[in-house]
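**Q** Chains as they are written, first to last, in the working numbering: chain A, 1 to 231; chain B, 1001 to 1491.
Please find one structure pasted underneath; my questions will follow.
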Amino acid sequence: MPDDHFSAMRQSIIDGAPDTASSLAQQAVTSGVAPLDAINNGYVPGMHDVGEQFARGQMFLPDMMASAEAMRCAMAVLDPELKRLGTERPMAGVVVLGTTKGDIHEIGKILVGTLLTAHGFRVHDLGVDVSGEKFAAKARELEADIVGVSALLTTTMRNQKTVVEALEKDGLRTRVKIMVGGAPVTRRWAEEIGADGYAKDAMSAVALAQELMQQKLHTICDQNLSCSINR
Amino acid sequence: MRPKLELLDKPLIERILGEAFQLIEDPGVRVAPCVFDLLRSAGVTVKDGVARIPEALARRLIDLAPRGFCLYDRSGRPAVRYGGDDVHFDPGSSCLNILDPHTQQARPAMSADLVRFVQVAEKLPQFAAQSTAMVCNDVPQEIGDWYRLLLVLWYSEKPVVTGAFSAESLHTLLDLLAIEAGGREALRDHPRAVFDVCPSPPLNWSEFASQNLVDLARAGVPAEIVSMPLAGATAPVTLAGSVVQHAAECISGITIHQLAQPGSPIVWGGAPAIFDMRTGKTPMGAIETAMLDLACTQVGKYLGLPTHAYLVAGDGRVIDAQVEMESGMSAMLGALAGINMISGAGMLDFLACHSIEKLVIDAEAIASAQRLIEGIQPRSDSLAVAMFAQTGLHGDFLKLKETRVLFRKEQHFPSSVIDRGLSDVDGRALDILERARQRVDDLVASYERHPLPPERERELINFAEREAATSGLEGLPGILAPAYTKEPHLI
């Protein structure tokens, strides 16, 4: 496939144009382009550009939402093709997301979920007003890598701690990373409650999730190494 | 003439109200099961948790809501009048953190911080009312709502802007107020507190908010709707669109409230904000946020209702020029708009942090705003000619009797927080934070608590100890040491 086609895919993401992104994906499938090539050379670089422009203050949240929607539309075409070919897009990690108990605000969480999905994470959104026990149960069921807990109110922010406690109680804490966010949340608060990270906005949440996955991989490698040595 | 600022003309207000009435009927308003029967009994269709409120019914109920009411101080004197263009200020509410005055770092607020905050607010005449300003992190969360109010009632005589975060805790707060007032009837006749009740945007009255509206209406204690559309996120991106949503949330809240008890006092209030499209934050210091507040309250005034808004808060994380510019500007705008109760002073960092030092600085901005709305008055029969007749062209106005008589009416004299050359120490000009710290220390040092009548004080303590024991709290932080025996001693 010519580079200008990949370039058009990339641009469709930057422009936040779901119809174009979808139709370019369809063309790629029709012309026999490997779906993974389209993803890795076209659409993912587009999302990276969007992330960089957002970080520089040149793109805004509505632009990013549109880009994420364009990415979703492209993947809706490419995912079935990947399955048909018996290949898989490397999955960045499994994330369970939700807004904490007593809080029904979800705008920030939706943004985070959308961007994580666009960046290759498999996201399960538990919705709003979610108890610590529900977070823990879903994390166990899905063998989640990360639990993300949002809170918009100063009063409900304290319930983020109960999620950490519920995961500890369920013996999941060594396997599941916890990230927290929301308007009143600070890095200091995250440290105080024993979360693994804090993200100030949706784009930082993606970077944080990627970093937490790296940490997790290192931990697993270290454990494996330690097991081999002990053996 | 009193200076006044309005952002909407009559045709636009009519359009806003027209669309708001349209919204409450279609798509309707999400309400909790606890008000289904109440709404249905008035002919409202409720299906799948969504109430479709007819305009005619809503208009009839708005007409039943009082045009004004008073909050009373501890002695029973009217101290805050909601209604018309009366303007009052109170500090922001329910903050989790406090800014350390020395490190300028936020840390969790404790009971002792709230006590100090209330003492300072009590001494500042700019604040007609107190608020339950901070969440006390040394008190179990499940009793936090009423505990904040207990500390304010203990240390203050001013009216209080408060609120409950659950349907259950509201009753404990009302019990506390009733003990202090001398019974539920006394509380109804002379309410000292107004309760913020928040719909969840867009157009959703949650279980506890719906229940709070009903319970407050029936208790005869004023409710203050705090609608919080976030323009572009949980509300239309346009300011006018968000004002429509705010109006729809207020009207639907008034409908529930007035159906529960017609004539019970209620306030058209809110904390609208824009949604920052770069950060997802809700900047309270943005000019568009202030414009939303002004426009929303103008719609409430058009309907003849008492009004409230959230202003005088800044978004920076330390006390600096940005925070004070934002706070000062919105204090001026709120006063010019004639908003009955303006909450938010003392707050910074997107309402996530309180600062006692900022509170005393904000008080100066508020004093200037209060002076501004007094306007320019003639003060004497001759504006200038009679004074010139005495001085001629010598211009010796300082000697005139009129000068001595009138300068105090004409000029507002700020405290030492404002640098007018009086605050130098050893020839060095102190910066604003140093001057604010000094002012806070002075106010706390001069604060004197006025106890309640002994039997009422005893009843309040007994009630609080009983309630606190249910959560395992020993003593009453900020009031009584854990080893309390017979006589209260401050800690």
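For glycine and all other residues, C-beta sits at the position ideal for the given N, C-alpha and C.
Since the structure is predicted, the reported quantities are computational estimates derived from the model, not experimental observations.
Residues of chain A with CB under 9 Å from F974 (chain B), in chain order?
**A** As shown, chain B starts at 1001 and ends at 1491. That puts residue 974 (chain B) outside it, with no answer to give.
**Q** Between B:A1020, B:S1416, B:N1462, B:Q1105, which lies nearest to P1202 (chain B) when the distance is taken from Cα to Cα?
**A** Looking up residue 1202 (chain B) in the second sequence gives position 202. Among B:A1020, B:S1416, B:N1462, B:Q1105, the Cα nearest to that of P1202 (chain B) is on B:A1020.
**Q** Can you look up A92 (chain A) in the DSSP assignment and give me helix, strand or coil?
**A** On the first sequence, position 92 is the one that residue 92 (chain A) refers to. Three-state result, A92 (chain A): coil.
**Q** Anything in chain A within Cβ reach of T1282 (chain B), meaning under 7 Å, just list it in chain order.
**A** Position 282 of the second sequence holds residue 1282 (chain B). A183, listed in chain order.
**Q** For M1387 (chain B), report the span of its alpha helix (DSSP H) as first-last.
**A** Your numbering for residue 1387 (chain B) matches position 387 in the second sequence. Element bounds for M1387 (chain B): 1385-1391.
**Q** Do you know how far the Cα of H1257 (chain B) is from the Cα of P1488 (chain B)?
**A** The sequence position of residue 1488 (chain B) within the second sequence is 488, counting from 1. The sequence position of residue 1257 (chain B) within the second sequence is 257, counting from 1. Reliability of the predicted coordinates at P1488 (chain B) is poor, the pLDDT of 48 falling under 50, and the value obtained from them is presented with this limitation in mind. Straight-line Cα distance between these residues: approximately 40 Å.
**Q** Who are the near neighbours of G1028 (chain B) in its chain, counting only those whose CB is closer than 6 Å to its CB and skipping five residues on each side?
**A** Translated into the one-based positions of the second sequence, residue 1028 (chain B) becomes position 28. Excluding residues within five positions, the ones whose Cβ falls inside 6 Å are V1050, A1051, R1052.
**Q** Using the DSSP secondary-structure output, state which residues sit across from R1052 (chain B) in a beta bridge.
**A** For this step, residue 1052 (chain B) is matched to residue 52 along the second sequence. Per DSSP, the beta-bridge partners of R1052 (chain B) are B:T1045.
**Q** Starting from F1021 (chain B), trace the alpha helix (DSSP H) both ways and give me its first and last residue.
**A** Your numbering for residue 1021 (chain B) matches position 21 in the second sequence. Counting along the chain, the alpha helix (DSSP H) containing F1021 (chain B) begins and ends at 1010-1025.
**Q** Measuring straight from C-alpha to C-alpha, what distance separates S131 (chain A) and A137 (chain A)?
**A** Along the first sequence, read from residue 1 onward, the residue named residue 131 (chain A) stands at position 131. Along the first sequence, read from residue 1 onward, the residue named residue 137 (chain A) stands at position 137. Roughly 10 Å separates the two Cα atoms.
**Q** Less than 8 Å between CB atoms is the rule here; does V1135 (chain B) satisfy it with respect to chain A?
**A** Start at 1 with the first residue of the second sequence, and residue 1135 (chain B) comes out as number 135. Answer yes: the Cβ-Cβ gap between V1135 (chain B) and chain A drops below 8 Å somewhere.
**Q** If I measure Cβ to Cβ from V29 (chain A) and keep anything under 6 Å in the same chain, skipping five residues before and after, which residues do I get?
**A** Looking up residue 29 (chain A) in the first sequence gives position 29. Within the same chain, V29 (chain A) has close Cβ partners E81.
**Q** Taking only beta-carbon atoms, is C1095 (chain B) less than 8 Å away from chain A?
**A** As a first step, residue 1095 (chain B) must be located in the second sequence, where it is residue number 95. It does: the Cβ of C1095 (chain B) has a partner Cβ on chain A nearer than 8 Å.
**Q** Take V1160 (chain B) as the anchor and find which of B:Y1447, B:A1167, B:L1348, B:L1173 has the nearest alpha-carbon.
**A** Here residue 1160 (chain B) refers to the residue found at position 160 when the second sequence is read from its first residue. For the residues B:Y1447, B:A1167, B:L1348, B:L1173, the minimum Cα distance to V1160 (chain B) belongs to B:L1173.
**Q** In three-state DSSP terms, what is S12 (chain A)?
**A** Locating residue 12 (chain A) in the first sequence gives position 12, counting from the first residue. Helix at S12 (chain A).
**Q** Taking Cβ-Cβ distances below 8 Å as the criterion, which residues of the stretch 1125-1152 of chain B are in contact with chain A?
**A** Answer set for the stretch 1125-1152 of chain B: V1135, Q1141, G1144.
**Q** To be precise: take each residue of the stretch 1207-1239 of chain B, compare its Cβ to all Cβ atoms of chain A, and keep it if any distance is under 7 Å. Which residues remain?
**A** A1233, T1234
**Q** Where does P184 (chain A) land, buried or exposed, given buried means 16+ other C-beta within 10 angstroms?
**A** Here residue 184 (chain A) refers to the residue found at position 184 of the first sequence. It counts as buried.
**Q** Rounded to the nearest angstrom, what separates L1497 (chain B) and L1057 (chain B) at their Cα positions?
**A** This structure does not reach residue 1497 (chain B), given that chain B is present from 1001 up to 1491, and the question cannot be answered.
**Q** With a floor of 3 residues, list each beta strand (DSSP E) that falls wholly inside the stretch 1297-1327 of chain B, ordered by position along the chain.
**A** 1308-1310
**Q** Would you verify that the beta carbon of A66 (chain A) is, or is not, closer than 8 Å to some beta carbon of chain B?
**A** Sequence index remark: in the first sequence, residue 66 (chain A) carries index 66 (1-based). Taking Cβ atoms only, chain B never reaches closer than 8 Å to A66 (chain A), which makes this a no.
**Q** Can you tell which of B:C1296, B:E1434, B:L1007, B:A1352 has the C-alpha that lies nearest to the C-alpha of V1360 (chain B)?
**A** Position 360 of the second sequence holds residue 1360 (chain B). When each option's Cα is compared against that of V1360 (chain B), the closest is B:E1434.
**Q** Please compile the residues from chain B whose C-beta is within a distance smaller than 7 Å of the C-beta of D201 (chain A).
**A** The residue given as residue 201 (chain A) occupies position 201 in the first sequence. Contact of D201 (chain A) with chain B by beta-carbon distance below 7 Å involves T1279, G1280.
**Q** Would you mind giving the Cβ-Cβ distance between A1494 (chain B) and S1093 (chain B), rounded to the nearest angstrom? I have them listed as a contact below 8 Å.
**A** Since the first residue shown for chain B is 1001 and the last is 1491, residue 1494 (chain B) is missing from the structure and cannot be characterised.
**Q** To which residues does DSSP link R1030 (chain B) through a beta bridge?
**A** Mapped onto the second sequence, residue 1030 (chain B) falls at position 30. Answer by DSSP bridge pairing, in chain order: B:V1050, B:N1204.
**Q** Any C-beta of chain B within less than 8 Å: which residues of the stretch 90-104 of chain A qualify?
**A** Residues of the stretch 90-104 of chain A that bring their beta carbon within less than 8 Å of a beta carbon in chain B comprise G102, I104, in sequence order.
**Q** Okay, do the stretch 1070-1077 of chain B and the stretch 1181-1194 of chain B touch, 3+ Cβ pairs below 8 Å being the bar?
**A** yes
**Q** Considering only the alpha carbon of each residue, which of B:G1280, B:R1466, B:H1394 lies closest to G1232 (chain B)?
**A** Position 232 of the second sequence, counting from 1, holds the residue named residue 1232 (chain B). For G1232 (chain B), the nearest C-alpha among the options comes from B:G1280.
**Q** Following the continuous beta strand (DSSP E) through P1082 (chain B), name the residue where it begins and the one where it ends.
**A** Position 82 of the second sequence, counted from the first residue, corresponds to residue 1082 (chain B). For clarity, residue 1082 (chain B) is Tyr in the given sequence; the question names Pro instead. Residues 1078-1082.
**Q** If we require 3 or more residues per run, which beta strand (DSSP E) segments fall completely within the stretch 1096-1179 of chain B?
**A** 1097-1099, 1106-1108, 1160-1163
**Q** So is S1200 (chain B) in contact with chain A if we call contact Cβ pairs under 8 Å?
**A** Within the second sequence, the letter at position 200 stands for residue 1200 (chain B). Closer than 8 Å to some Cβ of chain A, the Cβ of S1200 (chain B) qualifies, so yes.
**Q** The beta strand (DSSP E) spanning C73 (chain A) covers which residue range?
**A** Position 73 of the first sequence, counted from the start, is the residue given in the question as residue 73 (chain A). Looking at the DSSP string, C73 (chain A) is not in any beta strand (DSSP E); the run it does join, the alpha helix (DSSP H), is 61-84.
**Q** With a cut-off of 8 Å, does the C-beta of G113 (chain A) fall near any C-beta of chain B?
**A** Residue mapping note: residue 113 (chain A) aligns to position 113 of the first sequence, counting from 1. Closer than 8 Å: no.
**Q** Please list the residues of the stretch 45-74 of chain A that have a C-beta atom closer than 7 Å to any C-beta atom in chain B, keeping them in chain order.
**A** G57, F60, L61, P62
**Q** Could you tell me the alpha carbon to alpha carbon distance between D1138 (chain B) and S1111 (chain B), rounded to whole angstroms?
**A** Walking along the second sequence from the start, residue 1138 (chain B) turns up at place 138. Walking along the second sequence from the start, residue 1111 (chain B) turns up at place 111. When rounded, the distance between both Cα atoms is 7 Å.
**Q** In three-state terms, what does DSSP make of Y1447 (chain B)?
**A** Locating residue 1447 (chain B) in the second sequence gives position 447, counting from the first residue. In the structure shown, Y1447 (chain B) sits in coil (DSSP, three-state: anything other than H, G, I, E or B).
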